[in-house]
Structure formats: C-alpha cells, structure tokens
Amino acid sequence: MKVKIKFFATLRLYLKVASIDMEFENPITVDKLIDILVEKFQDKKIREYLVEEKKIKVGTMILINGKNLIHMDGLNTLIEEGIISIFPPAGGG
Amino acid sequence: MERYSRHMSLYNDFNKIRKAKILVAGAGGLGSNVLMHLSRLGVGELYIFDAGILDMPDLNRQILYDHEDLGKKKVFVAKEKLMKINPEIEVHIYDERIYENTKLPEVDLAIDCFDNFESRKILDMKIHELKIPLIHGGVERFFGQVTDILPGKTKSLREILGDVEDTKETKLVTPYAVSIIASLQVNEAIKIIFEDYEKALINKMLIMDLVFNSFDIIELK
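Structure, rendered in structure tokens:
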C-alpha cells in the first residue's frame, strides 16, 4: 500500500521536506501514521503539532485523498492508499 | 473603452465583467488588493464591507491606503481611491461588520477577504442563505490557500476547513503573499462570472507556499 504524505506551510518549513512516500503491508490508522512520522523524523513535536487531547488539533487539516479527517473517523481513520495532505489553513488577510 | 483595451479582448463577453456585482468582505490586505484589480478590470459594481480604521501595521500590505490615511475609516478611503482609479464603476460601501443578521445586498458573488476565521464562518453561512458563490482566500506568512465555495456544488467552507478557530497571536504576513492570494481570488471570481466551472477551483484547494515556490492543488471530496 503506497501512500504519499504531503506537508504544507509551517510544517513543511519545520520538517524541511515537502513530501515523503511510504509503503505499508496493511492499512494503518492516522494515529499510527503519526507515530511512524515521529519515529521517522525522531521528533515528538510532530504529534504535539497535529494532535491535542486525542483529537486532530484545531487549526490543522489532514486530508486523505481530499477528504478531511473530521468527516471520517478522526485519528482512527484507516489509511489505505493515496495522498495525505497535512496543513494549517492560513487565516489572515 | 480605451481604459479596458489591454484586456477586454481576452474575454469572450467583456460585458459580463462590466455588469458584474461583487461583494468584497473585508477591505484589508486581501480586500484592498482584490478591489484594486476588480476596479481596473471594470467590474460594474463593488459592494465593500469593513468596519475598520487604518492602523500603522495595515500599511505593510493594504495597498489602497497610504500614510496620510492613518486613523481614517477604511471603506471611505477605499471608495475614494477606487473612484480615482476608475470613475466608471459603482462602489457601494458598508462601514460595518457582517453579522449573522446582516442583510447583504444582491450580488453575483462574494469574495472572502477577511482576516479571521470567525468572520469567515458567518460569511460562509450568509452566502449559503443567498445561494451565491464565495471565493475563499486566506494568507499567513509566506503561505495561503484559495478555493471556490458554490452552494449545492461544493462543501461549505466550514466543512472543508473544519472547525478552525483564531488564536490570540497576531497573524504575520508578507505583503507579496497577500497580493498573490488576492490575484488568485480575482482570477477565480472571473472564472465564476464566466461560468468556467471546469477550470475553477471548485472542489479543489490551491495551496501556495512561497518558501518552496510551490502551488499545489488538492482535490477536495
């Protein structure tokens, strides 16, 4: 199962990478994916950036193939294949 | 028509632009850039909502205003400047915020030029009541996003962004990031006026990142 994870804005700047490709044998939850990212980048702050009180942090959008996690099963949403986009929408003007 | 001679032939029916009525919600960074373009394009009628007074930090990006305008109500200055740019258009100003009970004028579409999520949520609700398209844009630092909200055709802005809230921190923003997002919003507004739905950001979000020079388009479902 091939997954591309795209990072945007401040997260991209922080991780210094625009996207990464990963492959899994079985579907994993978003929560598990965050664990994998923490391990891969050796940085616990990634979880703090994305999660608050076991929910996706307010102000962060995680889209799986264009669908916002909040319309699915939140952190328990299963990831199979496709593109995951993570970004904080800009609120200024 | 000499005023429009450098762009009118680029459109199949320029009259659609001349007849268009557009509401611009917010006359700050995005708003003043958007208004500048709409007036130069020759959009027939502009309806501007903003209750703000020009402060010094506004001057880094709010290109309709200058140092002498500090302390003045933005909508009045905006109208004066826009009429100097193009006296052939009509500019209607509303020195007020948009609240849930605000009665909005009849327009063809609205452009979200607000600088906070709270106001955006209200605007999102209002355009769904009126069943008019909304061009959303947001910008911070070197980043920004644009998407078109069409009631019945796309999710609402609230559904797309989730229940985002404003933080207490002052939002930092570069003037050129604001200008680019505003230009993209105007580009979308024109597409919607011409009903060029196929190429518009409908069920798509454009994300701009000037640090990496990237413009990604995410398909929204």
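Protein chains in written order, with this note's numbering: chain A, 523 to 615; chain B, 1380 to 1600. By construction, the Cβ of each residue, glycine as well, lies at the ideal position given by its N, Cα and C atoms.
Is there a Cβ of chain A sitting closer than 7 Å to that of residue i, yes or no?
| i | result |
| --- | --- |
| Gln-1524 (chain B) | yes |
| Val-1543 (chain B) | yes |
| Lys-1550 (chain B) | yes |
| Asp-1494 (chain B) | yes |
| Leu-1409 (chain B) | yes |
Kindly list, in the order they appear in chain A, the residues whose Cβ is closer than 8 Å to that of residue i.
| i | result |
| --- | --- |
| Phe-1591 (chain B) | Arg-534, Ala-540 |
| Phe-1428 (chain B) | Going along chain A, no residue has its Cβ under 8 Å from Phe-1428 (chain B), so there is no contact; the nearest lies around 13 Å. |
Which residues in chain B have a C-beta closer than 7 Å to the C-beta of residue i? List them in chain order.
| i | result |
| --- | --- |
| Phe-609 (chain A) | Ile-1586 |
Which word fits residue i, buried or exposed, when buried means at least 16 other C-beta atoms lie within 10 angstroms of its C-beta?
| i | result |
| --- | --- |
| Arg-1385 (chain B) | exposed |
| Pro-1466 (chain B) | exposed |
| Gly-1410 (chain B) | buried |
| Gly-1450 (chain B) | exposed |
| Gln-1441 (chain B) | buried |
| Pro-1436 (chain B) | exposed |
| Ser-1498 (chain B) | buried |
| Asn-1391 (chain B) | exposed |
Whose Cβ in chain A lies nearer than 7 Å to the Cβ of residue i?
| i | result |
| --- | --- |
| Leu-1540 (chain B) | Met-583, Pro-611 |
| Glu-1519 (chain B) | Ala-612, Gly-613, Gly-614 |
By Cβ distance, which residues of its chain are closer than 6 Å to residue i, with the 5 residues on each side in sequence left out?
| i | result |
| --- | --- |
| Asp-1595 (chain B) | Ile-1586 |
| Lys-528 (chain A) | Ser-541, Ser-607 |
| Asn-1582 (chain B) | Thr-1533, Leu-1599 |
| Asp-1487 (chain B) | Ala-1399, Lys-1400 |
| Ile-1597 (chain B) | Met-1584 |
| Leu-559 (chain A) | Ile-568 |
| Pro-1530 (chain B) | His-1507, Lys-1510 |
| Glu-1469 (chain B) | Glu-1424 |
| Leu-585 (chain A) | Ser-607 |
Kindly list the residues whose CB is nearer than 8 Å to the CB of residue i, restricted to its own chain and excluding five residues on each side of it in sequence; keep chain order.
| i | result |
| --- | --- |
| Tyr-1478 (chain B) | Ile-1501 |
By the criterion of Cβ-Cβ separation under 9 Å, what are the contact partners of residue i in chain B?
| i | result |
| --- | --- |
| Gly-588 (chain A) | Asn-1582, Lys-1583, Met-1584, Ile-1597, Glu-1598, Leu-1599, Lys-1600 |
Just the chain B side, please: which residues come within less than 8 Å of residue i by C-beta, in chain order?
| i | result |
| --- | --- |
| Ile-592 (chain A) | Gly-1541, Asp-1542 |
| Phe-530 (chain A) | Phe-1522, Ile-1586, Asp-1588, Asp-1595 |
| Val-525 (chain A) | What Val-525 (chain A) touches in chain B: nothing, since even the nearest Cβ is about 15 Å away. |
| Val-580 (chain A) | Gly-1541, Asp-1542, Val-1543, Glu-1544 |
To the nearest angstrom, report how far apart residue i and residue j are at their CA atoms.
| i | j | result |
| --- | --- | --- |
| Val-1565 (chain B) | Arg-1382 (chain B) | 19 Å |
| Met-523 (chain A) | Ala-1404 (chain B) | 44 Å |
| Gly-604 (chain A) | Ile-1572 (chain B) | 34 Å |
| Tyr-1576 (chain B) | Asp-1527 (chain B) | 10 Å |
| Asp-1545 (chain B) | Met-1380 (chain B) | 44 Å |
| His-593 (chain A) | Gln-1524 (chain B) | 20 Å |
| Lys-579 (chain A) | Tyr-1473 (chain B) | 36 Å |
| Thr-1553 (chain B) | Ile-1432 (chain B) | 20 Å |
| Glu-1447 (chain B) | Lys-1458 (chain B) | 15 Å |
| Ile-1559 (chain B) | Leu-533 (chain A) | 21 Å |
| Ser-1562 (chain B) | Asn-1412 (chain B) | 7 Å |
| Leu-1438 (chain B) | Phe-1493 (chain B) | 16 Å |
| Gly-1407 (chain B) | Asp-1434 (chain B) | 10 Å |
| Ser-1418 (chain B) | Leu-1589 (chain B) | 27 Å |
Quick check: is any heavy atom of the ligand ATP less than 6 Å from the C-beta of residue i?
| i | result |
| --- | --- |
| Leu-1551 (chain B) | For the structure depicted, the ligand ATP is absent and the ligand set is empty, with no information on it obtainable. |
Give a yes or no on whether 7 Å exceeds the smallest Cβ distance from residue i to chain B.
| i | result |
| --- | --- |
| Lys-563 (chain A) | First, the amino acid is wrong: residue 563 (chain A) is Phe here, not Lys. By this cut-off, Phe-563 (chain A) is not an interface position. |
| Val-552 (chain A) | no |
Note down, in chain order, each residue of its chain lying with its Cβ closer than 7 Å to the Cβ of residue i, except the 5 sequence neighbours on either side.
| i | result |
| --- | --- |
| Pro-549 (chain A) | Met-523, Leu-600, Ile-601, Glu-602 |
For residue i, go through chain A and note every residue whose CB falls closer than 9 Å to its CB, in chain order.
| i | result |
| --- | --- |
| Gly-1405 (chain B) | Gly-615 |
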